[in-house]
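Step one of this worksheet: look at the structure below.
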Amino acid sequence: MARRLEMVFLNAAGRRSTISVDNAREDITQQEVQSAMDMIVNRDIFTTSGGDITGIDSARIVSTEITEIPVQ
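When we follow our numbering, the leftmost residue of the sequence shown carries the number 2, and every step to the right adds one.
Here's what the structure looks like:
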């Protein structure tokens with residue numbers, strides 16, 4: 002099962018912007034995610050089409066299960 006961490010931020014235009022990290026660790030903690038998101042905001046690392054990232058909105062782990070279907 003594939004796991005993706007999605008960190009959702011607010012930008013200068015007040016819109017949401019998502020940064021995704023594929024293959025998130027099974028044991029990632031809330032503190033690790035919070036720390037990474039704080040660093041992204043405080044160090045002004047990314048910019049978006051709506052301007053700089055200005056705040057934190059939310060975070061989530063998305064798990065995807067893929068089942069192959071045999072076809073000919």
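Where is the CB? At the ideal position from N, CA and C, for every residue including glycine.
*asked:* Just to confirm before moving on: does the CB-CB distance between R4 and S64 stay below 9 Å?
replied: For this step, residue 4 is matched to residue 3 along the sequence shown. For this step, residue 64 is matched to residue 63 along the sequence shown. In this structure, S64 lies closer than 9 Å to R4 by Cβ.
_Once DSSP output is grouped into helix, strand and coil, what is the label at A13?_
For the purposes of this step, residue 13 is identified with residue 12 of the sequence shown, where counting begins at 1. Coil.
*asked:* I need the boundaries of the alpha helix (DSSP H) containing D39, first residue and last residue.
replied: Translated into positions along the sequence shown, residue 39 becomes position 38. Taken as a continuous stretch (DSSP letters only), the alpha helix (DSSP H) holding D39 covers Q31 to N43.
*asked:* For a quick check, are the C-beta atoms of L11 and I46 less than 9 Å apart?
replied: Here residue 11 refers to the residue found at position 10 when the sequence shown is read from its first residue. Here residue 46 refers to the residue found at position 45 when the sequence shown is read from its first residue. Inclusion of L11 and I46 in the CB contact set at 9 Å is not warranted, their separation being larger than that value.
*asked:* Given this structure, state the Cα-to-Cα distance separating E7 from E69, to the nearest angstrom.
replied: Your numbering for residue 7 matches position 6 in the sequence shown. Your numbering for residue 69 matches position 68 in the sequence shown. Each residue's CA atom was taken as its position, placing E7 and E69 some 25 Å apart.
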